[in-house]
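Residue numbers (this note's numbering): 136 to 251.
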């Protein structure tokens, strides 16, 4: 654990990593059950693994900076909007939670810097 962390708990990154873990576990379960096409199951599982990696990177940024940078939030937001546009009833809705938490942290830190 990084004792020099600037946040109490890197919530946005942890939420995204958790969502990715659940996504990956569900993808493996779907593969074992052979309920879906192999290609769909692969991409479903792969996106879960990518979400875990992106979540871990966000955790590191939150610990180092105290917030998630706006550019990272823009990328996460673009992926979320793109996913929701093509699959409105999907797990992309859950990504709005870490996006909202990260945006609030960025906004709060930005306002603190402007006020100082």
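Ideal placement from N, C-alpha and C gives every residue a C-beta, glycine not left out.
Beta-carbon contacts of residue i that lie in its chain and below 7 Å, excluding the five residues immediately before and after
| i | result |
| --- | --- |
| residue 169 | none |
First through last residue of the alpha helix (DSSP H) which encompasses residue i
| i | result |
| --- | --- |
| residue 239 | 231-250 |
| residue 207 | 205-221 |
Pair within 7 Å by beta-carbon distance, residue i and residue j
| i | j | result |
| --- | --- | --- |
| residue 176 | residue 189 | no |
| residue 219 | residue 227 | yes |
| residue 152 | residue 187 | yes |
| residue 145 | residue 194 | yes |
| residue 215 | residue 230 | yes |
Cβ neighbours of residue i in the same chain (closer than 8 Å, five flanking residues each side left out)
| i | result |
| --- | --- |
| residue 185 | 155 |
| residue 171 | 165, 179 |
| residue 158 | 179, 180, 182, 183, 186, 226 |
Integer Cβ distance of residue i from residue j, believed to fall under 8 Å
| i | j | result |
| --- | --- | --- |
| residue 203 | residue 240 | 6 Å |
| residue 237 | residue 208 | 5 Å |
Close-in-space but distant-in-sequence residues of the same chain around residue i (CB under 6 Å, 5 per side omitted)
| i | result |
| --- | --- |
| residue 141 | 201 |
| residue 211 | 234 |
| residue 196 | 203 |
Query - Sequence ranges, alpha helix (DSSP H) only - wholly within the segment 148-183, length at least 4 - result: none
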